[in-house]
Each structure stands twice: as structure tokens, then as C-alpha cells.
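J.: One rule links them: number in this note's numbering = place in the first sequence (from 1) + 93. Quick reminder that beta carbons are idealized off the backbone N, C-alpha and C, glycines included.
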Amino acid sequence: MGDLEYSILADFYEKIERTASRIEMTEYLVALFKETPIEIIDKVIYLTQGKLRPDYEGVELGVAEKLAMRALAQALGVSIKKVEETYKKSGDLGTAAQMLMQQRKPVSIVDFFGGAVEAKPLTVTRVYETLLKIAKASGPGAMDTKVSLLVSLLKDAKPKEARYILRAITGKLRLGIADMTILDALAIAFTGSKNARDVIERAYNMHPDLGHVAKVLATKGLEGVKGIRITVGIPILPMLAERLSDPREILSKLGGKCIIEYKYDGERVQAHKKEKQVYLFSRRLENITSHYPDVVEMIMNNIKAKEAIVEGEIVAVDPDTGEMLPFQELMHRRRKYGIEEAMEMYPASLYLFDVLYVDGRSLINEPLPIRKEYLKKILVPADRIQLAKSTIAETPEEIETFFEQAIADGCEGVMCKSLQADSIYQMGARGWLWIKFKRDYRYEMTDTVDLVVVGAFHGKGRRAGTYGALLMAAYSPEEDIFKTVCKVGSGFTDEDLQKLPEILKPYEISHKHPRVQSKMEADVWFVPAIVLEIIGAEITLSPLHTCGWGKIKENAGLAIRFPRFTGRYRDDKSPEQATTEKEIIEMYYSQRKVTAKA
DNA sequence: CCTGTCTGCCCC
DNA sequence: ATTCTGC
DNA sequence: GCAGAATGGGCAGACAGG
Numbered sequence: 094m095g096d097l098e099y100s101i102l103a104d105f106y107e108k109i110e111r112t113a114s115r116i117e118m119t120e121y122l123v124a125l126f127k128e129t130p131i132e133i134i135d136k137v138i139y140l141t142q143g144k145l146r147p148d149y150e151g152v153e154l155g156v157a158e159k160l161a162m163r164a165l166a167q168a169l170g171v172s173i174k175k176v177e178e179t180y181k182k183s184g185d186l187g188t189a190a191q192m193l194m195q196q197r198k199p200v201s202i203v204d205f206f207g208g209a210v211e212a213k214p215l216t217v218t219r220v221y222e223t224l225l226k227i228a229k230a231s232g233p234g235a236m237d238t239k240v241s242l243l244v245s246l247l248k249d250a251k252p253k254e255a256r257y258i259l260r261a262i263t264g265k266l267r268l269g270i271a272d273m274t275i276l277d278a279l280a281i282a283f284t285g286s287k288n289a290r291d292v293i294e295r296a297y298n299m300h301p302d303l304g305h306v307a308k309v310l311a312t313k314g315l316e317g318v319k320g321i322r323i324t325v326g327i328p329i330l331p332m333l334a335e336r337l338s339d340p341r342e343i344l345s346k347l348g349g350k351c352i353i354e355y356k357y358d359g360e361r362v363q364a365h366k367k368e369k370q371v372y373l374f375s376r377r378l379e380n381i382t383s384h385y386p387d388v389v390e391m392i393m394n395n396i397k398a399k400e401a402i403v404e405g406e407i408v409a410v411d412p413d414t415g416e417m418l419p420f421q422e423l424m425h426r427r428r429k430y431g432i433e434e435a436m437e438m439y440p441a442s443l444y445l446f447d448v449l450y451v452d453g454r455s456l457i458n459e460p461l462p463i464r465k466e467y468l469k470k471i472l473v474p475a476d477r478i479q480l481a482k483s484t485i486a487e488t489p490e491e492i493e494t495f496f497e498q499a500i501a502d503g504c505e506g507v508m509c510k511s512l513q514a515d516s517i518y519q520m521g522a523r524g525w526l527w528i529k530f531k532r533d534y535r536y537e538m539t540d541t542v543d544l545v546v547v548g549a550f551h552g553k554g555r556r557a558g559t560y561g562a563l564l565m566a567a568y569s570p571e572e573d574i575f576k577t578v579c580k581v582g583s584g585f586t587d588e589d590l591q592k593l594p595e596i597l598k599p600y601e602i603s604h605k606h607p608r609v610q611s612k613m614e615a616d617v618w619f620v621p622a623i624v625l626e627i628i629g630a631e632i633t634l635s636p637l638h639t640c641g642w643g644k645i646k647e648n649a650g651l652a653i654r655f656p657r658f659t660g661r662y663r664d665d666k667s668p669e670q671a672t673t674e675k676e677i678i679e680m681y682y683s684q685r686k687v688t689a690k691a
């Protein structure tokens with residue numbers, strides 16, 4: 094059985110990490126694949142993706158940052174505190190491990206002979222199999238088992254190897270390569286040119302398991318890969334949408350005319366029906382069949398085909414009024430136990446918007462209008478299963494009108510889709526055939542808030558050395574207190590990130606400021622002083638943030654959904670002039686009125 | 001048995 | 001989910 | 001414009017530990 098020393102993999106990772114050129118990265122990957130014995134090509138691919146098995150199999154490590162830190166401390170015989178310190182400073186657990194290991198000298202003869210020096214070199218298979226064992230450990234004592242397994246690996250690892258083992262475990266290799274680059278490299282490594290890339294990508298889209306595709310390619314060649322087809326029961330890579338904020342632009346991208354449909358605030362689902370069997374897959378291809386027995390039932394009864402793959406959005410509804418409920422409520426359905434009760438409290442509606450396969454026939458290459466016809470043909474609509482509401486729009490005004498109606502009906506926005514002859518179902522991400530349009534993409538349509546920076550969190554990866562996110566608060570004039578509403582870590586340019594520590598440094602304090610109310614423990618606290626403009630999609634109930642605590646619901650505050658920095662520093666405002674708690678509460682109520690109208 | 005912490009290529 | 005950046 | 005890597009709120013499940 095062929096194997097590969099893990100240090101060789103680590104060396105390639107290091108080279109890839111050091112360059113920013115995608116072409117160069119691909120070249121290194123190609124060299125790696127050529128050096129990899131065919132038997133373990135799938136393992137190398139999974140490790141390089143930072144996973145163990147394809148998503149739809151649901152194999153989970155159950156180890157992340159904290160447990161990995163514990164294991165590292167144990168392997169090195171240092172305190173968790175020490176590991177944590179090094180981690181926070183470097184912003185990367187892998188780098189921290191490498192640094193700490195390089196610092197360490199053999200302390201005693203026993204250590205010397207018992208330690209890494211005498212150990213057999215790590216192999217890809219050993220690393221992979223150990224990670225699988227970690228994933229399988231469960232039940233009482235599982236944490237210790239997982240940690241011990243990881244410790245055993247780290248004890249035999251050289252510093253550089255530890256770097257990448259830890260990164261693989263935390264799911265962030267951070268090499269600058271992901272699926273698309275791996276596909277390029279596979280094409281070149283096994284067929285000699287990038288020409289075959291499209292064929293390989295297509296196979297991957299229909300059977301999103303890179304390890305499997307690579308193995309087929311390595312053992313059976315391109316012909317084997319061409320044989321990979323859509324299989325009912327294996328999820329297809331879902332088509333994604335681009336975003337735009339202007340109806341005019343949307344129309345010009347889509348050729349002056351489009352299908353426009355409601356974008357429901359729920360969970361996207363790809364439903365597979367195979368005779369008497371139904372499978373449901375999430376957007377990230379997790380198997381979510383057990384969460385939604387009611388949806389399974391509807392697919393079984395109301396889709397008139399022996400076999401079919403359809404796509405739609407699951408939305409929670411109020412069992413009494415039938416009104417659509419916000420996404421937050423649907424989350425209660427993502428459970429393993431108490432499904433029956435949850436089903437009564439949060440019944441699900443399914444709004445279908447596409448069909449990809451019917452009775453042996455792939456519809457992937459059919460234009461959207463044809464697919465919609467098929468969908469209409471096989472669907473028997475009922476109370477809780479219907480087509481997503483849609484129409485055809487040819488002017489910006491028509492888009493605006495339909496959009497307003499969607500918002501009034503409790504949707505997030507709309508999807509605008511091409512209906513041209515080339516409007517195929519583009520598996521994966523590519524293209525501008527689908528465009529989403531949401532209220533908060535438009536500055537004028539959404540209220541921004543001016544919030545006070547009261548704390549910050551150390552950044553990771555490329556944010557190492559600066560802040561990853563800031564803790565933001567609204568002001569309560571009645572109590573003269575600042576209460577948290579969100580963290581914000583998106584919207585900062587590199588320049589912002591460089592400036593922020595300088596701006597905030599003068600206000601840094603060692604403990605939470607007495608005028609700040611927060612349930613969250615920040616890495617750094619500040620005197621409330623700096624005000625930033627923040628935009629978000631809506632206000633939600635929060636179990637964590639303290640703004641509006643108990644004023645709308647017992648044991649709940651308010652938070653901002655999808656918060657980001659607008660780029661505007663409100664240095665014209667004092668912290669006492671920031672958005673008030675009362676204003677946030679009003680925003681919460683006014684948005685609910687809109688949805689209640691529906 | 002209850003509570004707190006951590007995890008999820010989680011969902012959005 | 002949104003956003004920014006290097007290629 | 002793509003591909004990748006930063007980052008958000010919040011839910012249930014799985015353990016650990018009192």
C-alpha cells in the first residue's frame with residue numbers, strides 16, 4: 094500500500110502558502126499530486142480541503158480551537174495559557190504550534206529518546222486515520238479520547254507538520270487554495286493540460302466529492318470521470334447568485350428581461366425523490382432529511398414523478414395564522430429530538446423554484462423557463478407546498494413594485510433570474526444568471542446606526558496583529574449606559590484595520606468600562622468614545638446582546654443581523670450622541686409592522 | 001440532574 | 001450571511 | 001470578475017463538571 098510522508102505534504106503546503114500567485118500554487122499542487130500514490134490521492138485531497146469526507150456524509154471532527162489548544166498544551170507540556178497567548182499573538186494556531194515546538198529543547202535523556210527524535214516519520218495515512226478516529230470518538234470521555242489522539246499525533250510531529258495538522262483540524266488551511274484550484278491541478282496532473290478542467294468540474298458538480306472524483310480520475314482516467322452522472326440521493330452543487338443594488342443594472346445584466354421571484358427568509362433545500370425515498374440536502378449539502386418530516390411527506394405526495402430533484406425554500410409558518418415566521422423561528426426545526434413538537438409549533442411551508450432532474454432526465458442544461466414548466470407539471474400545489482411566487486419583469490419599475498410586495502409579504506428581497514436561451518442551471522457558483530436584490534444593499538432603503546466601540550477581539554490569519562471585530566453598543570440616556578447590539582468585523586478595508594488600533598489605543602482599559610453593559614467578554618476593552626456607522630439587514634431578538642434587554646421579551650435583548658461597517662467614522666458624534674437603545678427598539682417594532690401587514 | 005462551554009466545512 | 005483583496 | 005479568506009447572529013447537540 095503506497096503512502097506519503099506527511100512532511101512532504103507539509104513542505105508543499107509551505108511553498109503554496111508562501112506565494113500569492115494562483116498559477117504557482119497550482120503548479121505546486123500538480124507536483125504534489127504527481128508524487129502522491131494513487132491509493133491515497135483521496136486522503137491528500139480531503140486533508141488539503143480541511144475535511145475528512147464529503148459534506149453529505151456528515152463526518153464531523155468535534156474538535157476545534159479550544160480542544161486543539163488543549164491538545165497542543167498537553168503535547169508540549171506547557172500551560173493552556175501559554176498556548177493561548179502565543180495563539181492570540183500570531184493569530185494562527187498552526188503558527189503558534191510551530192513556534193512553541195521550535196522553542197522547546199529536549200529537557201532530559203528520557204524525553205530525548207522518548208520524543209520526536211526517535212519517532213517514525215508521520216505519514217498521510219496515519220494523520221488521516223487518526224483524524225477519523227477523533228471524529229468517531231463519542232459518548233462519555235470522548236473529549237479526552239479526542240484530545241489524547243491529537244496529542245499522540247502532535248508528539249510525533251515536527252514543528253512544520255504540527256502547523257498544518259492544527260490548521261487542518263480547525264478547518265482553515267489558509268493556503269490560498271480551495272476547490273477551484275484543486276480542480277485545475279487535478280486536470281493538469283492527470284491529463285497533462287487544463288483542457289479537461291471543465292469535464293472534471295462538471296463531474297464534481299454532479300458528485301461533489303473531490304476525493305472520489307480524484308480517485309476516479311487517477312484510476313480510470315478522463316473516461317471514468319465522464320461517466321460520473323447525477324445520482325438521486327447524492328446532492329448536486331447548488332447554483333448561486335450574485336448581488337446587485339440597482340434594478341436598472343440587474344436588467345442590463347440579464348438582457349432587459351427577467352424572471353423575478355420572492356426570496357423567502359428560510360432554509361434552501363434540494364429535495365431528492367427516489368421511488369419511496371426522499372432525501373433533503375441543505376445549501377452546504379448536509380443531509381437534513383430528519384429535520385423536516387413534513388417536507389418529506391409533501392415531496393412524496395405532491396411531486397408527481399417516480400424520481401425527481403427539486404429545489405426550494407423551507408419557511409416556518411405560524412400554526413394559527415399561517416403567516417410566515419422569521420428565519421430565527423425556523424432554526425428551532427434544526428433538531429434531533431422533539432421533532433414532533435417542533436413540527437406543531439413551527440410548521441414548514443415549501444416554496445419550490447427549480448427542478449434539476451425528472452425520471453431519468455437531467456434538466457441541468459435546459460433554460461430556466463423550460464425547467465419551470467417541468468416544475469409546474471410535476472407539482473400538485475397544496476397549502477404548504479407551492480411554487481415560489483414569481484413573475485416576469487422588463488422595467489426597473491416592475492422590479493421595484495414586485496420587490497416592495499415581497500418585502501410586505503415578509504420576504505428578504507427578490508431573486509432576478511435570466512430567462513434567455515443560455516439560462517441553464519449553473520452548478521457551483523459561476524455567472525450572473527441569478528441576481529439577488531435585498532433592501533439593505535441600498536443605502537437609502539435601510540436605516541444605518543451610529544454605534545460606540547466598547548471592546549475588540551484579536552484578529553486571526555491576515556487580521557493578526559489588528560482587530561478581528563469590534564464590540565458595538567447603543568446608548569441609553571436614561572441610565573447613562575452603553576449596551577451591546579452587535580460585533581462588527583466586516584466592511585473594514587486594510588487601511589481601516591491598520592488605523593483602528595491607533596485610533597482606539599488611547600481609550601484602551603484593562604477592564605470593562607463601568608458604563609458598559611455586556612454579557613460578552615472582549616479581548617480588549619475601551620472607554621466609550623469612538624462612534625462608527627453600521628448597517629445591517631434587520632433587528633433580531635438576541636440571547637446575548639444587552640440592548641433592549643427584557644423590554645420586548647423576557648431574557649432577550651436585541652441584535653443586528655448581518656452587521657457591517659459602512660466606512661464612515663462618526664468623529665462628529667460624541668458617544669452620547671450615538672443611536673439610542675430606544676431607537677433600536679423602535680426599529681425592531683417598525684420592521685415587524687411591515688411584515689405583520691402581510 | 002442541572003448548567004456552562006464548545007462545536008458546527010451549521011443555518012442565514 | 002457580507003465584504004475586501006490579489007491575481 | 002473569480003477565488004479565497006476575513007468577519008457577523010443564533011440555534012441545538014454533546015459533553016464535562018458541579
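1. Under 8 angstroms by Cβ, that's how I've got Lys346 and Trp525 pegged, so tell me the actual separation to the nearest angstrom.
2. Please name the residue in Ile131, Glu676, Arg608 whose C-alpha comes closest to that of Asp45.
3. Quick check on the DSSP output: the alpha helix (DSSP H) that includes Val137 runs from which residue to which?
4. Among Asp413, Lys397, Arg426, Gln498, which residue has its Cα nearest to the Cα of Val451?
5. For the beta strand (DSSP E) that contains Ala567, what are its first and last residues?
6. Suppose the cutoff is 7 angstroms on Cβ atoms and the five residues either side in sequence are ignored; what does the same chain contact list for Val617 look like?
7. Taking the beta strand (DSSP E) that Tyr508 belongs to, which residues open and close that run?
8. Would you say Ile321 and His300 are within 7 angstroms of each other, going by their C-beta atoms?
9. Can you give the beta carbon distance from Gln195 to Arg256, rounded, assuming they're within the 8 angstroms contact cut?
10. Hey, would you say Leu154 sits closer than 7 angstroms to Ala250, going by beta carbons?
11. Smallest Cα separation from Leu593: which of Lys576, Gln684, Leu564, Glu98?
12. Mapping the DSSP letters down to three states, classify Gln370 as helix, strand or coil.
13. Assuming Thr659 contacts Ile628 under a Cβ cut-off of 8 angstroms, what Cβ separation, rounded to an integer in Å, is found between them?
14. Does the region 468 to 475 come into contact with the region 426 to 444, if we say contact requires no fewer than three beta-carbon pairs (one atom in each stretch) closer than 8 angstroms?
15. So Thr119 and Asp277 are supposed to be a Cβ contact under 8 angstroms. How far apart are they, rounded?
16. Suppose you measure from the CA of Lys465 to the CA of Asp587; what does that come to, to the nearest Å?
17. Apart from the five residues just before and just after Gly151, which ones in its own chain have a Cβ nearer than 7 angstroms to its Cβ?
18. Taking its Cβ as the centre, do 16 or more other Cβ atoms sit within 10 Å of Asp387, making it buried, or is it exposed?
19. According to DSSP, which residues form a beta bridge with Phe575?
20. So, under 8 angstroms CB-CB, Ala404 and Leu445 are touching, yes? Tell me the CB distance rounded to an integer number of Å.
21. So, at 7 angstroms on beta carbons, what are the nonlocal neighbours of Ser569 in its own chain, with the 5 sequence-adjacent residues on each side left out?
22. Looking at Ile262 and Val156, is the spacing between their C-beta atoms short of 7 angstroms?
23. Output the boundary residues of the beta strand (DSSP E) element that contains Val448.
24. Flag Ala630 as yes when its Cβ comes closer than 6 angstroms to any non-hydrogen atom of the ligand COA, and as no otherwise.
25. In this structure, does DSSP put Phe585 in helix, strand or coil?
T.: In short, the structure shows the following:
1. Confirmed, about 5 angstroms.
2. Given a span of 94 to 691 for the chain in the structure shown, any question on residue 45 remains unanswerable.
3. 134 to 142
4. Lys397
5. 560 to 569
6. Gly548, Ala549, Glu601
7. Going by the sequence as given, residue 508 is Met instead of Tyr. Segment 506 to 510, the beta strand (DSSP E) holding Met508.
8. yes
9. About 10 angstroms; that fails the 8 angstroms criterion.
10. no
11. Leu564
12. Under the three-state reduction of DSSP output, Gln370 falls in the strand class.
13. 5 angstroms
14. Verdict: no, contact absent.
15. 5 angstroms
16. 44 angstroms
17. Only residues of its own chain outside the window of five on either side were considered, and among them Glu379, Asn380 have a CB closer than 7 angstroms to the CB of Gly151, listed in chain order.
18. buried
19. Tyr568, Val609
20. A small correction: the amino acid at residue 404 is Glu; Ala does not occupy that position in the sequence shown. The pair is a contact, with the Cβ atoms about 7 angstroms apart (cut-off 8 angstroms).
21. Lys576, Thr673, Glu674
22. Result yes, Cβ atoms of Val156 and Ile262 sit closer than 7 angstroms.
23. 441 to 451
24. Absence of the ligand COA is noted for the structure shown, with no ligands found whatsoever.
25. coil
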